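J.:
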Amino acid sequence: EAGVTQFPSHSVIEKGQTVTLRCDPISGHDNLYWYRRVMGKEIKFLLHFVKESKQDESGMPNNRFLAERTGGTYSTLKVQPAELEDSGVYFCASSPPGTGRYGYTFGSGTRLTVV
Amino acid sequence: GQNIDQPTEMTATEGAIVQINCTYQTSGFNGLFWYQQHAGEAPTFLSYNVLDGLEEKGRFSSFLSRSKGYSYLLLKELQMKDSASYLCAPQTGANNLFFGTGTRLTVIP
Chain A
285 EAGVTQFPSH SVIEKGQTVT LRCDPISGHD NLYWYRRVMG KEIKFLLHFV
335 KESKQDESGM PNNRFLAERT GGTYSTLKVQ PAELEDSGVY FCASSPPGTG
385 RYGYTFGSGT RLTVV
Chain B
4 GQNIDQPTEM TATEGAIVQI NCTYQTSGFN GLFWYQQHAG EAPTFLSYNV
54 LDGLEEKGRF SSFLSRSKGY SYLLLKELQM KDSASYLCAP QTGANNLFFG
104 TGTRLTVIP
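Chains as they are written, first to last, in my numbering: chain A, 285 to 399; chain B, 4 to 112.
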C-alpha cells in the first residue's frame with residue numbers, strides 16, 4: 285500500500301512569491317490533515333478535510349493560506365504571498381473514516397524556506 | 004486551548020529502559036497517540052491509548068490516565084536506532100491531533 289506522499293520535498297522561494305504544496309493521501313482515507321512545524325516549535329494543526337469538505341480550518345494562520353481538496357482525493361495548500369515566517373516543514377496526514385483510532389499516517393513533509 | 008508538556012531531551016544507554024512522560028490539557032479528548040520521528044522523516048505511529056491503563060506492544064508500552072491528563076511511553080531494551088524524537092499527541096473530540104514539542108531521545112553505547 286502506498287503511503288502518504290507529498291510534493292515537493294523541498295521548496296525555496298522568495299518573500300512575496302506563491303508556492304503550492306501537494307499531498308496525496310492513502311487511497312480510501314477520507315480524513316486528510318495539514319500540519320506545520322516551524323523551527324524549534326511543536327507540530328501545529330492547520331486544517332482537516334473529510335473527503336472534499338473542510339471539517340476544521342481553525343489552525344490556518346491567515347488568509348494567505350488556501351487549502352483545497354477537489355474531488356476528495358489529493359489536496360493542495362497554497363501560500364500566497366509567502367512571508368519569511370511561513371518557513372517550516374508542512375506535513376500532511378491521512379486516516380480512514382471514523383474516529384481515527386487507527387492512527388494518522390504522515391507524509392515525509394515539504395520543507396519550505398522563504399528567503 | 005491545548006497544552007502539552009514533555010521533556011525536551013533525554014539520554015539513555017543501549018539496553019536500558021527509558022520512560023518519557025507527557026502531561027496534557029485539551030479541549031475535548033478522545034485518546035492519545037505516541038509517534039516516533041527520526042530527523043527529516045515523517046512521524047510514525049507507535050501507540051494509541053483511549054482507556055486508562057497500559058498498552059504493550061513489543062519493546063514499547065504506553066500508559067494513560069485520563070483523570071490526571073498524563074501519559075508515558077516506556078521503551079525497553081533500548082537500541083541505537085531508537086534515537087529519535089518522541090511526540091505525545093492527544094486527540095481532541097474533533098479528531099484532530101495536537102502535538103507537544105517532542106522529546107529528543109539519544110541512546111548511547
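A virtual CB, placed ideally from N, CA and C, is assigned to each residue, including glycine.
This structure is a prediction, so every number in the text was calculated from the model and none was measured.
Which class does residue 340 of chain A belong to by DSSP, given the choice of helix, strand or coil?
T.: Three-state result, residue 340 of chain A: strand.
J.: Applying a beta-carbon distance threshold of less than 9 Å, which residues of chain B neighbour residue 314 of chain A?
T.: Under the 9 Å cutoff, chain B gives no residues; its nearest Cβ is about 11 Å from residue 314 of chain A.
J.: Output needed for residue 80 of chain B: all residues of its chain with C-beta closer than 7 Å, excluding positions within five of it in sequence on either side, in chain order.
T.: Correct list, in chain order: 18 and 62.
J.: Restricting to Cα atoms, I'd like to know which of A:331, A:345 and A:388 is closest to residue 339 of chain A.
T.: Minimum Cα distance to residue 339 of chain A is reached at A:331.
J.: I'd like the list of long-range same chain contacts for residue 371 of chain A, defined as Cβ closer than 8 Å, with 5 residues on each side in sequence excluded.
T.: Cβ within range, chain order: 322, 323, 396, 397 and 398.
J.: Going by the beta-carbon positions, is the gap between residue 22 of chain B and residue 88 of chain B smaller than 8 Å?
T.: Their beta carbons are not under 8 Å apart, which means residue 22 of chain B does not touch residue 88 of chain B by this criterion.
J.: Can you give me the start and stop residues for the beta strand (DSSP E) that residue 398 of chain A sits inside?
T.: Taken as a continuous stretch (DSSP letters only), the beta strand (DSSP E) holding residue 398 of chain A covers 394-398.
J.: Please classify residue 369 of chain A as buried or exposed, where buried requires at least 16 other C-beta atoms within 10 Å of its C-beta.
T.: Exposed, by the Cβ-count rule.
J.: How many angstroms separate the CA atom of residue 389 of chain A from the CA atom of residue 336 of chain A?
T.: Roughly 18 Å between the two C-alpha positions.
J.: Could you compute how far the alpha carbon of residue 348 of chain A sits from the alpha carbon of residue 341 of chain A?
T.: Between residue 348 of chain A and residue 341 of chain A, the C-alpha separation is close to 13 Å.
J.: Tell me which residues share the same chain as residue 327 of chain A and place their Cβ nearer than 8 Å to its Cβ, disregarding the 5 neighbours each side in the sequence.
T.: 319, 320, 321 and 375, listed in sequence order.
J.: Counting only Cβ pairs nearer than 9 Å, list the residues of chain B close to residue 326 of chain A.
T.: The answer, in chain order, is 7, 90, 101, 102, 103, 104 and 105.
J.: Do you know how far the Cα of residue 329 of chain A is from the Cα of residue 301 of chain A?
T.: When rounded, the distance between both Cα atoms is 23 Å.
J.: Go ahead and pull the three-state DSSP assignment for residue 355 of chain A.
T.: In this structure, residue 355 of chain A counts as helix in the three-state DSSP scheme.
J.: Quick one: Cα of residue 31 of chain B to Cα of residue 7 of chain B, how far?
T.: Roughly 13 Å separates the two Cα atoms.
J.: Nearest chain A C-beta to residue 46 of chain B closer than 8 Å, yes or no?
T.: It does; some Cβ of chain A falls within 8 Å.
J.: What three-state label does DSSP hand residue 368 of chain A in the structure shown?
T.: Residue state, collapsed to three classes: helix.
J.: So if I threshold CB-CB distances at 9 Å, which residues from the stretch 335-351 of chain A count as touching chain B?
T.: So the close ones are 339, 340, 342 and 343.
J.: Locate the beta strand (DSSP E) running through residue 59 of chain B, then write down its first and last residues.
T.: Element bounds for residue 59 of chain B: 56-60.
J.: Going by DSSP, what residues sit across from residue 49 of chain B in a beta bridge?
T.: None; residue 49 of chain B has no bridge partner.
J.: Whole beta strand (DSSP E) runs in the stretch 53-107 of chain B with 3 or more residues, listed along the chain?
T.: The stretch 53-107 of chain B contains these whole beta strand (DSSP E) runs: 56-60, 63-68, 73-78 and 87-94.
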